[in-house]
Amino acid sequence: MKYEMFDAKKIIGEVTLQEADANPNIVVVSTDSAPRTGMAGFIAKYPDRYYELGIMEQSAIGVSSGFATAGKVPVFCAPAPFVTARPFEMFKIDIGYMQQNVKAIGRNCGFNYSDLGPTHYGLEDIALVRLIPGVTVLAPIDASQLRGAMRTMLRHGGPVYLRIGTAPIHKIFDEEAFVIGEGKVVREGKDVAIVTTGEIAVNVFEAAETLAAQGINAMVVTMPTISPLDEAIIRKAAEATGRIVVVEEHYEVGGLGTAVCETCAKIAPVPVKRLGVPHVYLSAGPYDDLVKYCKLDSAGIVETVKAFIAQENS
Amino acid sequence: MRTDNIKELEILAQKSRQNVLRMIRANGSGHLGPAYSCIDIVTALYFHGMDIDPKNPKKADRDIFLLSAGHKGMAQYAVLAEAGFFEKSILDTFGQFQSPIPGHPDMHKLSGIEANTGSLGHGLNLACGIALAKKQDGLKSRVFVITGDGELAEGSNWEAAAVAAHYGLDNLVLFVDRNGLQISGQTKDVMSFEPVADHFEGFGWMTKEIVGNDMKEIVSAIDAVPFEKGKPNLVVANTVKGKGFSKAENQVDYHYWKPSTEDMALAEKELAAKIAELEK
Numbered sequence: 078m079k080y081e082m083f084d085a086k087k088i089i090g091e092v093t094l095q096e097a098d099a100n101p102n103i104v105v106v107s108t109d110s111a112p113r114t115g116m117a118g119f120i121a122k123y124p125d126r127y128y129e130l131g132i133m134e135q136s137a138i139g140v141s142s143g144f145a146t147a148g149k150v151p152v153f154c155a156p157a158p159f160v161t162a163r164p165f166e167m168f169k170i171d172i173g174y175m176q177q178n179v180k181a182i183g184r185n186c187g188f189n190y191s192d193l194g195p196t197h198y199g200l201e202d203i204a205l206v207r208l209i210p211g212v213t214v215l216a217p218i219d220a221s222q223l224r225g226a227m228r229t230m231l232r233h234g235g236p237v238y239l240r241i242g243t244a245p246i247h248k249i250f251d252e253e254a255f256v257i258g259e260g261k262v263v264r265e266g267k268d269v270a271i272v273t274t275g276e277i278a279v280n281v282f283e284a285a286e287t288l289a290a291q292g293i294n295a296m297v298v299t300m301p302t303i304s305p306l307d308e309a310i311i312r313k314a315a316e317a318t319g320r321i322v323v324v325e326e327h328y329e330v331g332g333l334g335t336a337v338c339e340t341c342a343k344i345a346p347v348p349v350k351r352l353g354v355p356h357v358y359l360s361a362g363p364y365d366d367l368v369k370y371c372k373l374d375s376a377g378i379v380e381t382v383k384a385f386i387a388q389e390n391s
Numbered sequence: 035m036r037t038d039n040i041k042e043l044e045i046l047a048q049k050s051r052q053n054v055l056r057m058i059r060a061n062g063s064g065h066l067g068p069a070y071s072c073i074d075i076v077t078a079l080y081f082h083g084m085d086i087d088p089k090n091p092k093k094a095d096r097d098i099f100l101l102s103a104g105h106k107g108m109a110q111y112a113v114l115a116e117a118g119f120f121e122k123s124i125l126d127t128f129g130q131f132q133s134p135i136p137g138h139p140d141m142h143k144l145s146g147i148e149a150n151t152g153s154l155g156h157g158l159n160l161a162c163g164i165a166l167a168k169k170q171d172g173l174k175s176r177v178f179v180i181t182g183d184g185e186l187a188e189g190s191n192w193e194a195a196a197v198a199a200h201y202g203l204d205n206l207v208l209f210v211d212r213n214g215l216q217i218s219g220q221t222k223d224v225m226s227f228e229p230v231a232d233h234f235e236g237f238g239w240m241t242k243e244i245v246g247n248d249m250k251e252i253v254s255a256i257d258a259v260p261f262e263k264g265k266p267n268l269v270v271a272n273t274v275k276g277k278g279f280s281k282a283e284n285q286v287d288y289h290y291w292k293p294s295t296e297d298m299a300l301a302e303k304e305l306a307a308k309i310a311e312l313e314k
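Here the protein sequences line up with chains B and H, keeping their order.
Residue 81 in my numbering sits at position 4 of the first sequence, and the numbers go up by one each step.
Residue 285 in my numbering sits at position 251 of the second sequence, and the numbers go up by one each step.
And the structure:
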């Protein structure tokens, strides 16, 4: 393995605890989801700031919003579908419409729970939360960025949704500083731009190297913030390369790919290929098999990019 | 502005009903029935029960009122106007684009509104979060919520009922505005949660049942909070939908009212007569 691996849940818990030391208003709301998933340190140190609700997600969103009304900074972390899809209307109104300072974390997003199947996949969470005006949506690329994004999120005033898988995640960057709303060109290239978000980006980096070895120079753009979208960097990628492939562990419908299409239609009309999870109910199975099936492994990305370029050139 | 005088509170409730008519006149229609059934309770909360200051509406140790049944919003606007939270001329903007008093309350538009309600089943969970935070901070603040009785069919209320009891939120007071009617008919026929008090007691709440349009009974219930230390408080307020306008009382058709000129005149006349009688 090329990169050191880290437990995302542990990072979430560690940063929450560090920030809670400095900010007495930080509280943790749990739906039977905190003690064994990274927050044990926080709970041990601040038992009076930990609120267990049991398996009760609608309430968790409303209660978190109520905490924010009283000046607290609630952190609610649970599997992505139960933070977004299950209590969506609460999210929309109690967090979004009320513009409350709530920090919602959807963990095990994508098909991280590959053995359980569609009930526990988080493949529409970006689409759902992106629809709610005024909610920041973050999807850090690696362990360092997760650390930075957590810190930034907890200090930021306003509603934030952060999505993360919870299998061990790579540490790719040394840089932890995280600025909401900024994409980054991590590799220059002129033949095609690959825009990506979340930990699946590691496969994009590998694919870009393979493509380079075959004479295709891909620009790689990471988008750890999905809302608000860094439209300037999308325009830059479009103008520099003339074609964009978007890679994400999310349904092709509604996620970053859709957001990029919307931006391109508005300010930088170039062809866009969305490479995400097909809009079907994917069977359960080993994670790597699902990644491969969706062509989200580096070989699949290489194949997709080459086919896209060939189609464009034909 | 706070008063213990029942007659003064009754007059304020009738004046607030006049404010509701003013809004309906401005817009041509509105949720008269729901507003009128709970307006005596809202009046008692703002003018007797709650520690609030219209000049400092965000003070940290204030009591907080959440109108979970946001479609009763005119009742809250009417009382807030009467309490001096905003100029009464704003009542005439009801129904206009970008009015600070939309059909359902918006906390970003009007001082004194604490939550964006209107979708049912939200207020009680918000209240639990606020009540937990106030306890953590050692503040004496209490949180008062009004839901409808039809609203109890929203399952999120029952999640909140469990949370409030589990955490012993005796600083939380729920009034169920039990007027017995909802859009499709009688609540007991549409989806029954009777007996309401028993359901909440099963979760661990302390309950009282009152006539929810009787000012004396409302005040007495508020004064008794907490009903028992360590338990959340429920007041089952048996009310009359449309209370205060003879033609509207107990009539489903007046849930949302688009008055004729004659009916509006009659409603205004009845209120004026009641106020004159009370002021004697």
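The C-beta atom is built at its ideal place from N, Cα and C for all residues, glycine as well.
query = With a Cβ-Cβ cutoff of 8 Å, do glycine 275/B and glutamate 325/B count as a contact?
reply = If you number the first sequence from 1, residue 275/B lands on position 198. If you number the first sequence from 1, residue 325/B lands on position 248. Contact: yes.
key: Anticipated Cβ contact below 8 Å, aspartate 171/B with histidine 156/H, distance rounded   = What you label residue 171/B is simply residue 94 of the first sequence in a count that begins at 1. What you label residue 156/H is simply residue 122 of the second sequence in a count that begins at 1. Confirmed, Cβ separation roughly 6 Å.
task = Round the Cβ separation of tyrosine 80/B and isoleucine 249/B to the nearest angstrom and send it over; I've been treating them as touching at under 8 Å.
result = For the purposes of this step, residue 80/B is taken as residue 3 along the first sequence, with counting starting at 1. For the purposes of this step, residue 249/B is taken as residue 172 along the first sequence, with counting starting at 1. A Cβ-Cβ distance of about 6 Å is found for the pair tyrosine 80/B and isoleucine 249/B, placing them in contact under the 8 Å criterion.
message = So that I know if they touch, is there some Cβ in chain B lying closer than 8 Å to that of serine 218/H?
response = For this step, residue 218/H is matched to residue 184 along the second sequence. Answer no: the Cβ-Cβ gap between serine 218/H and chain B never drops below 8 Å.
task = Kindly indicate which three-state DSSP category glutamine 388/B falls into: helix, strand or coil?
result = As a position in the first sequence, residue 388/B is number 311, starting the count at 1. Looking at glutamine 388/B - three-state DSSP - the assignment turns out to be helix.
request  = Please report the Cβ distance between lysine 265/H and tryptophan 239/H, rounded to the nearest whole angstrom; I am assuming they are in contact, meaning their Cβ atoms lie under 8 Å.
outcome  = In the second sequence, the residue the question calls residue 265/H occupies position 231. In the second sequence, the residue the question calls residue 239/H occupies position 205. Sure, about 6 Å apart at Cβ, within 8 Å.
Residue range of the unbroken beta strand (DSSP E) whose run includes methionine 82/B = Residue numbering aside, residue 82/B sits at position 5 when the first sequence is read from its first letter. That run of the beta strand (DSSP E) goes 81-83.
ask   = Are at least three pairs of beta-carbons, each pair with one atom in the stretch 53-60 of chain H and one in the stretch 108-119 of chain H, less than 8 Å apart?
value = yes
task = Determine, using beta carbons only, whether lysine 168/H comes closer than 8 Å to chain B.
result = Within the second sequence, numbered from 1, the residue matching residue 168/H stands at position 134. True, the Cβ-Cβ gap to chain B drops below 8 Å.
inquiry  = Please classify asparagine 39/H as buried or exposed, where buried requires at least 16 neighbouring CB atoms within 10 angstroms.
reply    = Taking the first residue of the second sequence as position 1, residue 39/H is located at position 5. Classification of asparagine 39/H: exposed, given that the 10 Å Cβ count is below 16.
ask   = What three-state label does DSSP hand glycine 118/B in the structure shown?
value = Taking the first residue of the first sequence as 1, we reach residue 118/B at position 41. Correct three-state label for glycine 118/B: helix.
ask   = For arginine 36/H, does the count of other Cβ atoms within 10 angstroms reach 16, so buried, or fall short, so exposed?
value = Position 2 of the second sequence, counting from 1, holds the residue named residue 36/H. Under this definition arginine 36/H is an exposed residue.
ask   = Should histidine 82/H be flagged as near chain B, meaning a C-beta pair shorter than 8 Å?
value = By one-based count along the second sequence, residue 82/H stands at place 48. Cβ-Cβ to chain B under 8 Å: no for histidine 82/H.
message = Less than 8 Å between CB atoms is the rule here; does valine 140/B satisfy it with respect to chain D?
response = Checking the listed chains, one finds no chain D in this structure; the protein chains it contains are B and H.
request  = Find the residues of chain H that neighbour glycine 242/B, judging by a C-beta separation of less than 7 Å, and give them in chain order.
outcome  = Translated into the one-based positions of the first sequence, residue 242/B becomes position 165. Near glycine 242/B there are no residues of chain H at all, since even the closest Cβ is about 28 Å away, more than 7 Å.
inquiry  = Would the stretch 342-355 of chain B count as touching the stretch 312-322 of chain B if we require 3 or more Cβ pairs under 8 Å?
reply    = yes
request  = Taking alanine 220/B as the reference, give the member of Leu200/B, Lys383/B, Ile241/B with the closest Cα.
outcome  = Working through the first sequence from its first residue, we reach residue 220/B at position 143. Measuring C-alpha to C-alpha distances from alanine 220/B to each of Leu200/B, Lys383/B, Ile241/B identifies Ile241/B as the nearest.
message = Ignoring anything shorter than 3 residues, give me the beta strand (DSSP E) runs that lie fully in the stretch 174-222 of chain B, in order along the chain.
response = DSSP runs (the beta strand (DSSP E)) wholly in the stretch 174-222 of chain B: 180-184, 213-215.
key: Buried versus exposed, by CB contacts within 10 Å (16 or more), alanine 278/B   = Stepping through the first sequence from its first residue, residue 278/B is reached at position 201. So alanine 278/B counts as buried.
task = Taking C-beta pairs closer than 7 Å, name the residues in chain B that isoleucine 164/H reaches, listed in chain order.
result = Here residue 164/H corresponds to residue number 130 of the second sequence, with the count starting at 1. Within chain B, the residues near isoleucine 164/H are Gly143, Thr146, Ala147.
task = Quick one: list the residues of chain H neighbouring methionine 133/B, beta-carbon separation under 8 Å, in chain order.
result = Looking up residue 133/B in the first sequence gives position 56. Simply Glu193, Ala196, Val197.
ask   = CB isoleucine 103/B to CB leucine 231/B, shorter than 8 Å?
value = The sequence position of residue 103/B within the first sequence is 26, counting from 1. The sequence position of residue 231/B within the first sequence is 154, counting from 1. Yes, Cβ-Cβ distance for isoleucine 103/B and leucine 231/B is below 8 Å.
task = Give every residue of the same chain whose Cβ lies closer than 6 Å to the Cβ of glycine 115/B, excluding the five residues on either side of it in the sequence, and list them in chain order.
result = For the purposes of this step, residue 115/B is identified with residue 38 of the first sequence, where counting begins at 1. Hits under 6 Å: Lys86, Lys87, Ile89, Gly90.
query = Among residues of its own chain, excluding the 5 on either side of phenylalanine 120/H, which ones have a beta-carbon nearer than 8 Å to its beta-carbon?
reply = Here residue 120/H refers to the residue found at position 86 of the second sequence. Hits under 8 Å: Leu114, Pro134, Leu144, Ser145, Gly146.
task = For glutamine 388/B, count neighbouring Cβ atoms within 10 angstroms of its own Cβ and tell me buried if that reaches 16, exposed if not.
result = Translated into the one-based positions of the first sequence, residue 388/B becomes position 311. Classification for glutamine 388/B: exposed.
task = Assign methionine 133/B to one of three DSSP states: helix, strand, or coil.
result = Within the first sequence, numbered from 1, the residue matching residue 133/B stands at position 56. Taken through DSSP and simplified to helix, strand or coil, methionine 133/B comes out as coil.
request  = Flag methionine 227/B as yes if its beta-carbon sits less than 8 Å from any beta-carbon of chain H, otherwise no.
outcome  = For the purposes of this step, residue 227/B is identified with residue 150 of the first sequence, where counting begins at 1. No, its Cβ sits nowhere closer than 8 Å to a Cβ of chain H.
inquiry  = Tell me the DSSP secondary structure of proline 134/H in three-state form.
reply    = Taking the second sequence and counting its residues from 1, one reaches residue 134/H at position 100. Proline 134/H: coil per DSSP, three-state reduction.
ask   = If you count every other CB in all the chains shown that lies within 10 Å of the CB of glutamine 135/B, and 16 or more means buried, which is it?
value = Position 58 of the first sequence holds residue 135/B. The residue in question, glutamine 135/B, is buried, as its Cβ has 16 or more Cβ neighbours within 10 Å.
message = Any C-beta of chain B within less than 9 Å: which residues of the stretch 134-164 of chain H qualify?
response = Asp140, Met141, His142, Glu148, Ala149, Asn150, Thr151, Gly152, Ser153, Gly155, His156, Gly157, Leu158, Asn159, Leu160, Ala161, Cys162, Gly163, Ile164
ask   = Can you name the residues that DSSP bridges to leucine 208/H?
value = In the second sequence, residue 208/H corresponds to position 174, counting from 1. DSSP lists Val179/H, Leu268/H as partners of leucine 208/H.
request  = Just confirm the distance between the C-beta atoms of glutamate 185/H and serine 102/H, as a whole number of angstroms; I'd bet it's less than 8 Å.
outcome  = Residue mapping note: residue 185/H aligns to position 151 of the second sequence, counting from 1. Residue mapping note: residue 102/H aligns to position 68 of the second sequence, counting from 1. Yes, glutamate 185/H and serine 102/H are in contact; Cβ-Cβ is about 7 Å, under 8 Å.
query = Residues in the stretch 101-118 of chain H with C-beta within 9 Å of chain B's C-beta atoms, listed in sequence order?
reply = none
inquiry  = Is the beta carbon of alanine 295/B closer than 8 Å to that of glycine 260/B?
reply    = Start at 1 with the first residue of the first sequence, and residue 260/B comes out as number 183. Start at 1 with the first residue of the first sequence, and residue 295/B comes out as number 218. Against a cut-off of 8 Å, the Cβ pair of alanine 295/B and glycine 260/B comes out as no contact.
message = Which residues in chain H have a C-beta closer than 7 Å to the C-beta of leucine 200/B? List them in chain order.
response = The sequence position of residue 200/B within the first sequence is 123, counting from 1. Within 7 Å Cβ-Cβ: nothing; leucine 200/B doesn't reach chain H, min ~25 Å.
ask   = Going straight from the alpha carbon of glycine 225/B to that of alanine 97/B, what length do you get?
value = The residue given as residue 225/B occupies position 148 in the first sequence. The residue given as residue 97/B occupies position 20 in the first sequence. The C-alpha of glycine 225/B lies about 15 Å from the C-alpha of alanine 97/B.
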